[in-house]
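In this text, residue positions in the sequence shown follow numbering that gives the first Met the number 0: the first is 0, and each later residue adds one.
Positions of the beta carbon are idealized from the N, C-alpha and C atoms, including for glycine.
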Amino acid sequence: MKVEELRKLADVLPESGKIILCTHRHPDPDGLGAIVGLQFLLKRRFGLEVDLVLEGRIRRAENVAMRDLLQIHSIPKGSVDPAAYKGIILVDSQPGFSHTNPPGALPVLAVFDHHDGPKGEAAHLGDVPFVWVAPDYGATSTMIYDLLAAFGLEPDTRSATALYCGVRYDTNNLLRGATQRDEDAFRVLERLADRQVVGAIDQPPLPKQYFRQMHIALEACEDYQTLLLTLLGEVSSPESVAEIADWFLRLEGQQWSLCGGACDGRYQVSLRTDLADADAYPALRFLLGREGKCGGHGRMAGGQIPLTELTVEQVQDLIRTRAIELFGLEGRQAERLAEPQDVDKTR
Ligand SMILES: [Mn+2]
């Protein structure tokens with residue numbers, strides 16, 4: 000979007016009053032970064048107060064550190080009185096995405112997102128007066144950085160730190176899906192950000208539960224050579240499922256890595272691949288079938304199956320059966336990535 004078009008955001012904002020900022024469920028650094036950057040713009044340029052409504056708990060240690068160190072305070076969704084607000088702005092997601100349910104009874108004033116919308120379902124954006132959906136950006140935080148620039152604002156230390164974290168986590172330090180825009184924003188934000196805070200967000204203290212979870216995942220991982228299948232029971236957070244899928248993908252050789260685990264009444268699934276040009280979304284779409292919902296782009300996809308009709312074991316069986324079919328693994332015996340007795344042998 001050109002600068003003049005971006006400045007039209009001003010036309011959809013109220014003259015006074017409060018706005019709610021939202022992102023997708025289980026907010027990640029990009030969603031949080033975009034929220035903090037937008038909060039800065041609305042306050043500084045328009046004198047508007049905002050409240051943040053964050054859905055789902057923030058549990059990944061890095062994200063908890065970001066929330067705490069940057070003092071990102073949110074109010075519970077259930078406590079939103081629609082009469083007290085003029086509308087909602089949604090970032091890093093879109094109305095109608097399966098992992099996004101902003102508070103109801105309030106108009107969505109604007110949407111900022113770098114994800115592709117669901118094909119043929121663009122209608123859910125029809126009523127929104129300001130929409131900027133730009134898949135040519137690697138992060139929504141970069142879009143918000145450009146939005147600030149369009150209004151002649153340089154981010155302060157807090158918003159620069161938040162936006163910087165958003166850009167670097169979503170693009171994996173400019174290695175994943177980053178464009179020139181992301182790189183330009185990254186370089187400037189790196190200079191403006193608080194290095195101590197960035198370092199503390201990168202390497203936060205980890206609870207014992209984290210190591211226990213990784214231990215269980217190591218023992219559960221079934222190695223089919225082309226596929227690493229880790230179907231867990233209850234997990235501490237949906238993000239841990241993504242983290243485990245990412246971690247196992249680092250096993251040498253090229254393959255797919257799927258991890259699933261139950262959390263908050265849903266079976267969360269993350270699928271990753273390091274095969275060049277492979278598309279994870281259609282694969283996960285097939286694996287979750289009509290029972291689940293998912294999204295994703297390129298080599299990563301995530302989704303969930305509600306644990307209302309099906310038990311955890313039934314969902315695990317469903318995913319395993321479909322994975323064996325999809326990856327052509329019939330009759331193939333999986334090896335364990337780590338046998339429990341491996342530990343004893345080293346003693
Ligand atoms: Mn993002």
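How big is the Cα-Cα spacing for residue i and residue j?
i    : j    : result
G116 : K85  : 25 Å
S140 : Y266 : 29 Å
L40  : T229 : 43 Å
V132 : P339 : 48 Å
C164 : L20  : 18 Å
I57  : A9   : 31 Å
F111 : H214 : 38 Å
S73  : D80  : 14 Å
P305 : F150 : 42 Å
R186 : G30  : 20 Å
S269 : F96  : 17 Å
R249 : L283 : 20 Å
D67  : G327 : 46 Å
E3   : G295 : 31 Å
A261 : A279 : 21 Å
R319 : D169 : 29 Å
I243 : A216 : 7 Å
Q303 : G288 : 10 Å
V11  : R24  : 25 Å
G36  : A159 : 8 Å
A60  : P203 : 6 Å
G46  : I18  : 11 Å
E182 : L173 : 7 Å
A275 : T307 : 36 Å
A138 : L317 : 33 Å
T310 : H114 : 31 Å
E334 : E238 : 26 Å
D193 : P28  : 15 Å
A277 : R271 : 10 Å
R321 : P128 : 42 Å
S92  : V234 : 24 Å
A177 : C293 : 23 Å
E324 : V314 : 15 Å
L231 : A219 : 7 Å
Helix, strand or coil: how does DSSP classify residue i here?
i    : result
S235 : coil
G348 : The structure shown does not extend to residue 348, since the chain is modelled only from 0 to 346, so the question has no answer here.
D222 : strand
D10  : helix
G30  : helix
K42  : helix
E251 : coil
A227 : Before going further, note that residue 227 is Leu rather than Ala in the sequence given. Three-state DSSP puts L227 in a strand.
M0   : coil
L152 : coil
A64  : helix
G36  : helix
L328 : coil
A241 : helix
F285 : helix
Bridge partners of residue i, per DSSP?
i    : result
R271 : S256 and M299
D181 : D181 is not bridged to any residue.
R265 : C262 and P305
T22  : DSSP output for T22 lists no bridge partner at all.
R335 : E221
G294 : G301
K17  : E48
So, is residue i buried or exposed, given that buried needs 16 or more other C-beta atoms within 10 angstroms?
i    : result
V52  : buried
S78  : exposed
F285 : exposed
Q70  : exposed
S256 : buried
S15  : exposed
F210 : exposed
L348 : Here the chain covers residues 0 to 346 and nothing more, so residue 348 does not appear.
G252 : exposed
A300 : buried
E153 : exposed
Q208 : exposed
A104 : exposed
G125 : exposed
R180 : buried
G330 : exposed
N62  : buried
Q38  : buried
P94  : buried
Kindly examine ligand 2 and report whether one of its heavy atoms sits closer than 7 Å to the Cβ of residue i.
i   : result
D29 : Inclusion of ligand 2 in the displayed structure is not the case, the ligand content consisting of ligand 1 alone.
Determine whether the Cβ of residue i lies closer than 8 Å to any Cβ atom of chain B.
i    : result
P128 : Absent from the structure: chain B. Only one protein chain is present.
Output the residue ranges of the alpha helix (DSSP H) runs that lie fully inside the stretch 70 to 94 and measure 4 residues or longer, sorted by chain position. Qualifying alpha helix (DSSP H) stretches: none in this window.
Runs of 4 residues minimum, wholly inside the stretch 156 to 221: which ones carry the alpha helix (DSSP H) assignment? List check, alpha helix (DSSP H) in window: 156 to 169, 179 to 191, 194 to 201 and 207 to 219.
Any chance you could list the beta strand (DSSP E) runs of at least 3 consecutive residues sitting entirely within the stretch 98 to 139, in chain order? Restricted to the stretch 98 to 139, the beta strand (DSSP E) segments that are unbroken, complete and at least 3 residues in length are 107 to 112 and 129 to 132, listed in chain order.
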